[in-house]
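First to last, the protein sequences are chains A and B. Residue 199 in our numbering sits at position 199 of the first sequence; the count goes up by one each step and never skips. Residue 132 in our numbering sits at position 132 of the second sequence; the count goes up by one each step and never skips. C-beta: ideal position from N, C-alpha, C; glycine also.
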Amino acid sequence: MNNLIQSEWYKLWKDRSFRALLWMISAAGLFWSIFKYIDQRMDGESPATGIEMWISALMGSYIMIIGICVLAGFFISSEYTTGVMKSIASSGNSRGGIIAAKQLVFSIGCAILGLLFPVINFVVATILSGLGELPGEDIFPYLLRTFGLLILFAAAFASIATLIATLMAEGGKTIAFTMVFFLFIDIFFAAVGKYISFVETIYHYTVFKLMYELGTVAPDGGLYLRMIIIPLITIVCFGMISAWFYRRKEIK
Amino acid sequence: MSDYILKSNHLTKVYKMDFALHNVNISIKKGAIYGFIGQNGAGKSTFIRIITGLASPTDGSIELFGKRDEQDLSDARKRIGSIIESPALYPNMTARENLETHRLLRGIPGQACIDKVLTLVGLQDTGKKKSKNFSLGMKQRLGLAIALLGDPEFLILDEPTNGLDPMGVIEMRELLKKLNREHGITILISSHILSELHLLATHFGIIHKGELLEQLSASELHEKCQHYLHIKVDDVGKAAAVIEGELAATEFEVMPDGTIKLYQFVDTPGRVSVALTSEGLVIEQFMPMGEDLEAYFTNRIGGERNE
Chain A
1 MNNLIQSEWY KLWKDRSFRA LLWMISAAGL FWSIFKYIDQ RMDGESPATG IEMWISALMG
61 SYIMIIGICV LAGFFISSEY TTGVMKSIAS SGNSRGGIIA AKQLVFSIGC AILGLLFPVI
121 NFVVATILSG LGELPGEDIF PYLLRTFGLL ILFAAAFASI ATLIATLMAE GGKTIAFTMV
181 FFLFIDIFFA AVGKYISFVE TIYHYTVFKL MYELGTVAPD GGLYLRMIII PLITIVCFGM
241 ISAWFYRRKE IK
Chain B
1 MSDYILKSNH LTKVYKMDFA LHNVNISIKK GAIYGFIGQN GAGKSTFIRI ITGLASPTDG
61 SIELFGKRDE QDLSDARKRI GSIIESPALY PNMTARENLE THRLLRGIPG QACIDKVLTL
121 VGLQDTGKKK SKNFSLGMKQ RLGLAIALLG DPEFLILDEP TNGLDPMGVI EMRELLKKLN
181 REHGITILIS SHILSELHLL ATHFGIIHKG ELLEQLSASE LHEKCQHYLH IKVDDVGKAA
241 AVIEGELAAT EFEVMPDGTI KLYQFVDTPG RVSVALTSEG LVIEQFMPMG EDLEAYFTNR
301 IGGERNE
């Protein structure tokens with residue numbers, strides 16, 4: 001298993017799309033926080049502090065979602081298109097081990113992409129305007145918790161994207177399908193939930209809904225527990241389904 | 001310890017009611033270069049994909065290095081190197097980076113093996129050139145280098161000479177012969193270039209419409225590729241009478257184009273020419289001929305050709 005993780009890790013850092021995403025998200029984080037600072041100063045408002053920028057970055061994690069979609073296409077599905085998956089699957093390693101290593105490293109990549117924007121926002125805003133204050137909770141425990149939860153949610157979304165990428169087995173299709181899926185899943189649940197209350201209840205217990213609660217200050221015990229357990233269940237369930245499909249998949 | 005690297009027992013694969021493979025029993029001896037011959041869609045790639053674990057059989061089983069159950073087969077595949085259909089490369093990586101990925105994947109310690117295989121296939125000087133910028137021949141050689149990582153005991157090569165220029169084909173043939181001779185690597189090779197296989201393989205398997213028609217060694221093939229004397233004279237009727245009467249030959253054919261195929265006296269053609277000329281016949285053409293692998297294969301599958 002260790003050799004598989006090492007190989008995936010090597011490929012992740014050699015992956016041009018991953019490197020490009022790192023640069024683009026870093027640049028976006030840097031420019032966004034600087035422009036916001038300048039804009040607020042020019043409007044005579046007090047500029048957002050580090051912790052405020054962190055919270056606002058957590059609330060809109062679409063950058064992470066887009067990063068996951070692009071990476072799923074290039075890092076996972078493209079291996080089917082180039083035929084490399086044939087070499088991997090015929091290497092004598094177990095299929096379960098192969099997909100587990102891939103999902104693990106992909107999740108780490110997604111977590112890095114997901115953390116990059118909020119972290120840069122936080123660091124730049126803290127340098128420019130100070131750390132700020134958080135009513136109702138100490139800043140450092142809050143930062144630590146949300147940092148961990150963001151990694152957990154990135155891994156949960158990555159597990160869903162891994163399944164789609166395994167099924168699609170083609171980079172372009174994977175990117176398109178995952179983007180449509182992740183960006184419209186909320187609309188789907190909202191629309192169907194209007195008529196079927198059960199669906200709305202389910203939505204409240206999904207990572208898609210809980211994602212918007214990531215930045216909640218001093219969450220109650222129930223919400224906190226859900227924000228830990230539901231991503232974990234998502235990772236395990238989608239991981240198992242991906243492994244099940246991959247074990248039975250005829251690799252062409 | 002079994003003498004066979006690979007055995008398939010009644011291997012069958014069905015895709016949507018069609019047999020891609022039907023009761024295929026193939027045995028490949030240790031040290032052999034097994035030429036796998038068949039038209040497009042005959043089932044060669046399906047067979048190779050099952051051996052390498054990319055597809056599972058509908059029925060039947062395989063035995064690799066004497067191992068049969070799934071876990072053992074998976075371990076046995078670590079002793080195989082393969083190129084399946086086309087060399088599988090990361091286009092944005094250099095040759096060395098591609099090899100490093102596969103080295104890590106296979107858990108091979110140290111990077112010395114990378115230099116070794118790069119030198120072996122002649123790609124040691126490609127530097128920072130990405131594999132997407134390689135010629136088809138270079139890609140094939142890099143694919144072979146990947147397959148050779150970790151010193152496999154069994155090489156499975158599906159059309160390894162695709163895209164190679166004539167010199168590349170010769171180099172590939174010599175390299176494979178060297179690997180077989182000096183490193184004792186058993187090779188299963190499928191190729192459309194039958195003349196090339198003829199020069200390389202020690203054993204042949206002919207597959208057609210999912211069924212294995214025949215397995216034979218190179219010497220058996222040589223015997224089966226009937227040799228004959230091709231004769232053209234000014235009077236074919238008189239020549240036939242001389243061959244039948246004076247030479248007492250029974251195995252000959254008069255062809256519609258007026259030539260004669262004489263399957264006897266191949267080793268003593270002088271006797272035939274003397275007999276014909278002494279009867280006043282003028283010999284226009286006289287040469288020993290025989291079927292090559294291509295003709296044998298075409299005859300074996302009933303003369304069908306790809307559309």
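task: Could you tell me whether the Cβ atoms of L12(A) and G109(A) are closer together than 8 Å?
output: Residue mapping note: residue 12(A) aligns to position 12 of the first sequence, counting from 1. Residue mapping note: residue 109(A) aligns to position 109 of the first sequence, counting from 1. Yes. Within cutoff.
query: Across which residues does DSSP place E214(B) in a beta bridge pair?
result: As a position in the second sequence, residue 214(B) is number 214, starting the count at 1. Beta bridge pairing from DSSP links E214(B) with I206(B).
- prompt: Between I98(A) and M85(A), what straight-line distance do the alpha-carbon atoms span, to the nearest angstrom?
  reply: The residue you call residue 98(A) lines up with position 98 of the first sequence. The residue you call residue 85(A) lines up with position 85 of the first sequence. Here the C-alpha atom of I98(A) lies approximately 10 Å from the C-alpha atom of M85(A).
query: How big is the Cα-Cα spacing for M53(A) and F122(A)?
result: Here residue 53(A) refers to the residue found at position 53 of the first sequence. Here residue 122(A) refers to the residue found at position 122 of the first sequence. Cα atoms of M53(A) and F122(A): separation of roughly 6 Å, rounded to the nearest angstrom.
- prompt: Applying the criterion that 16 or more other CB atoms from any shown protein chain within 10 Å of the CB defines a buried residue, is K231(A) buried or exposed?
  reply: Reading the first sequence from its first residue, position 231 is the one you call residue 231(A). Residue 231(A) is actually Pro in this sequence, not Lys. With 16 or more other Cβ atoms within 10 Å, it is buried.
field: Reduced DSSP secondary structure (H/G/I, E/B, other) of A111(A)
entry: In the first sequence, counting from the first residue as 1, residue 111(A) sits at position 111. DSSP places A111(A) within a helical segment (H, G or I) once states are collapsed to three.
message: Contact criterion: CB-CB distance below 8 Å. Does E211(B) meet it with respect to chain A?
response: Position 211 of the second sequence, counted from the start, is the residue given in the question as residue 211(B). Cβ-Cβ to chain A under 8 Å: no for E211(B).
query: How is Y205(A) classed by DSSP in three states: helix, strand or coil?
result: The count along the first sequence starts at 1 and reaches residue 205(A) at position 205. In the three-state reduction of the DSSP assignment, Y205(A) falls in the coil class, being assigned neither a helical nor a strand state.
message: Restricting to runs no shorter than 4 residues, where is the alpha helix (DSSP H) found entirely within the stretch 232-298 of chain B?
response: Counting only runs of at least 4 residues, the stretch 232-298 of chain B fully encloses the following alpha helix (DSSP H) elements, listed from N- to C-terminal order: 236-245, 269-278.
message: Taking only three categories from DSSP, how would you classify N93(A)?
response: Counting from 1 along the first sequence, the entry for residue 93(A) is found at position 93. In the displayed model, N93(A) falls within coil according to three-state DSSP, outside both helix and strand.
- prompt: Opposite D158(B) in the DSSP bridges: which residues?
  reply: Position 158 of the second sequence holds residue 158(B). DSSP lists S190(B) as partners of D158(B).
task: Step through the CB atoms of chain B and report whether any lies within less than 8 Å of the CB of V84(A).
output: For the purposes of this step, residue 84(A) is taken as residue 84 along the first sequence, with counting starting at 1. Yes, because at least one Cβ of chain B sits closer than 8 Å to the Cβ of V84(A).
message: Using 8 Å for Cβ pairs, my map puts Q40(A) next to A28(A). What's the rounded Cβ distance?
response: Walking along the first sequence from the start, residue 40(A) turns up at place 40. Walking along the first sequence from the start, residue 28(A) turns up at place 28. Contact annotation, Q40(A) with A28(A): C-beta distance approximately 18 Å; criterion of less than 8 Å not satisfied.
- prompt: So, helix, strand or coil for D3(B), using DSSP?
  reply: For the purposes of this step, residue 3(B) is identified with residue 3 of the second sequence, where counting begins at 1. DSSP, read as helix, strand or coil, puts D3(B) in coil.
task: Determine the DSSP secondary structure at L52(B), reduced to helix, strand or coil.
output: As a working note, residue 52(B) is residue 52 in the second sequence. One detail in the question is off: residue 52(B) reads as Thr in this sequence, not Leu. Of the three classes helix, strand and coil, the one that applies to T52(B) here is coil, per DSSP.
query: Mind pulling the chain B residues with CB within less than 7 Å of R16(A)?
result: Indexing the first sequence from 1 puts residue 16(A) at position 16. Residues of chain B passing the Cβ test: N92.
- prompt: Using a beta-carbon distance cut-off of less than 7 Å, what residues from the stretch 30-55 of chain B approach chain A?
  reply: Residues T52, G53, L54, A55.
- request: Note down the Cα distance separating Q215(B) from I206(B), rounded to an integer number of angstroms.
  value: Your numbering for residue 215(B) matches position 215 in the second sequence. Your numbering for residue 206(B) matches position 206 in the second sequence. Q215(B) and I206(B) have their C-alpha atoms some 6 Å from each other.
Proximity test, Cβ basis, 8 Å: T101(B) and chain A: Walking along the second sequence from the start, residue 101(B) turns up at place 101. Yes - at least one Cβ of chain A is within 8 Å of the one on T101(B).
- request: Could you check what DSSP says for V84(A) in three-state terms: helix, strand or coil?
  value: What you label residue 84(A) is simply residue 84 of the first sequence in a count that begins at 1. Helix, per DSSP.
- prompt: Cβ of E307(B) less than 8 Å from any chain A Cβ?
  reply: For the purposes of this step, residue 307(B) is taken as the residue at position 307 of the second sequence. With a pLDDT of 43 at E307(B), under the threshold of 50, the modelled position of that residue is not reliable, and the figure given next carries that caveat. At a cut-off of 8 Å between beta-carbon atoms, E307(B) makes no contact with chain A.
- request: With a threshold of 7 Å, establish whether the CB of E214(B) neighbours any heavy atom of the ligand COA.
  value: Inclusion of the ligand COA in the displayed structure is not the case, the ligand content being empty and no account of it being possible.
- request: Please determine, among P256(B), H208(B), M17(B), L247(B), the residue with the shortest C-alpha to C-alpha distance to F265(B).
  value: Numbered from 1 along the second sequence, position 265 holds the residue referred to as residue 265(B). It is L247(B) whose Cα lies nearest to the Cα of F265(B).
- prompt: In chain A, what lies closer than 7 Å to I146(B) by C-beta?
  reply: Translated into the one-based positions of the second sequence, residue 146(B) becomes position 146. Correct list: S87.
query: Listed in chain order, which residues of the stretch 139-166 of chain B have Cβ atoms closer than 7 Å to some Cβ of chain A?
result: Residues passing the 7 Å Cβ filter: I146.
- prompt: If you check the beta carbons only, do A243(A) and G53(B) fall under 8 Å apart?
  reply: Position 243 of the first sequence, counted from the start, is the residue given in the question as residue 243(A). Position 53 of the second sequence, counted from the start, is the residue given in the question as residue 53(B). Their beta carbons are not under 8 Å apart, which means A243(A) does not touch G53(B) by this criterion.
message: Give me the chain A residues within the contact set of E97(B), using Cβ-Cβ distance strictly less than 7 Å, ordered along the chain.
response: Position 97 of the second sequence, counted from the first residue, corresponds to residue 97(B). Neighbourhood of E97(B) in chain A, by CB distance below 7 Å: K14, in chain order.
query: Excluding five sequence neighbours on each side, which residues of the same chain lie with their C-beta closer than 7 Å to the C-beta of L301(A)?
result: It is not possible to answer for residue 301(A), since the shown part of chain A is limited to 1 through 252.
query: List, in order along the chain, the chain A residues whose C-beta lies closer than 9 Å to that of A249(B)?
result: By one-based count along the second sequence, residue 249(B) stands at place 249. Within chain A, no residue comes near A249(B); the closest Cβ sits about 54 Å away, beyond 9 Å.
- prompt: Going by beta carbon distance, what residues of the same chain come within less than 8 Å of E318(B), once the five residues before and after it are set aside?
  reply: Residue 318(B) is absent from the model: chain B starts at 1 and stops at 307.
- request: Could you have a look at G90(B) and say whether DSSP puts it in helix, strand or coil?
  value: Translated into positions along the second sequence, residue 90(B) becomes position 90. Just to set this straight, residue 90(B) is Tyr in the shown sequence, not Gly. The answer is coil: DSSP assigns Y90(B) none of H, G, I, E or B.
- prompt: Helix, strand or coil: which one does DSSP assign to G171(A)?
  reply: As a working mapping, residue 171(A) is identified with position 171 in the first sequence. Collapsing the DSSP output to three states places G171(A) in a helix.
Best match in S91(A), T82(A), L104(A) for proximity to F238(A) [C-alpha to C-alpha]: Counted from its first residue, the first sequence places residue 238(A) at position 238. Its Cα nearest to that of F238(A), the residue L104(A) stands out among S91(A), T82(A), L104(A).
query: Is the Cβ-Cβ distance between I51(B) and H102(B) less than 8 Å?
result: Locating residue 51(B) in the second sequence gives position 51, where the first residue counts as 1. Locating residue 102(B) in the second sequence gives position 102, where the first residue counts as 1. Not a contact, by the Cβ cut-off of 8 Å.
- request: Within its chain, find whatever has a CB closer than 7 Å to the CB of P152(B); leave out the 5 residues flanking it on each side and keep chain order.
  value: Indexing the second sequence from 1 puts residue 152(B) at position 152. The answer, listed in chain order, is R79, I80, G81, I185.
message: Let me confirm a value: A203(B) is counted as buried when at least 16 other C-beta atoms fall within 10 Å, else exposed. Which label applies?
response: If you number the second sequence from 1, residue 203(B) lands on position 203. Position check: residue 203(B) holds His in this sequence, whereas Ala was assumed. Within a 10 Å sphere around the beta-carbon of H203(B) sit 16 or more other beta-carbons, which makes this residue buried.
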